[in-house]
Amino acid sequence: MDTRGRQRDLDMLRVLLHEHRDRYRTQLRLLNQPRQGGAGSTEQPALAELTWRRLDDVEHALHALDRGRYGRCTGCGADIRIDQLIRQPAASRCPGCSRREPEPGLRSRVYTAGDRPRRERTAAPETRRPDAGGR
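So the number in the working numbering is just where the residue sits in the sequence shown, counting from 1, plus 9.
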């Protein structure tokens, strides 16, 4: 891809990242969940914690974009594909380098062979099903 095309894609990604940041901030306001404790705080609802992590990823990506360091693999120096950056805004390694050595701090999603994203496995909250009798 030519340099102008890559820059245009990164500019569009910047707009998308700003939209995601605004959405995550709104979600947190609606959840009324200030950030609590450190990582692994059991008092904070799972949705709020996930939203905080994704907001962190988006803000990290925007900071790297502002500094001109976003979208380059820290392992081999190659451009990270735009579709990968859309799926994982905090990605700092291309899929090849990520398979050889996982990214430190990569939290939201994990890549597998073939670049197909898979959600991390997390414990599902307990849910109660209403009795069949409608009680």
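Beta carbons: idealized from backbone N, C-alpha and C, even for Gly. Model, not experiment: these values are computed from the prediction.
Cα-Cα separation between residue i and residue j, rounded to whole angstroms
i	j	result
T145	D11	In the structure as shown, the chain begins at 10 and stops at 144. Residue 145 is therefore absent and cannot be evaluated.
R17	R90	13 Å
L22	I95	7 Å
Buried or exposed by the 16-neighbour rule on C-beta atoms within 10 Å, applied to residue i
i	result
G80	buried
T35	exposed
R38	exposed
V67	buried
Test item: CB-CB of residue i and residue j under 8 Å
i	j	result
A55	L40	no
R15	D75	no
Residues bridged to residue i (per DSSP)
i	result
R81	D88
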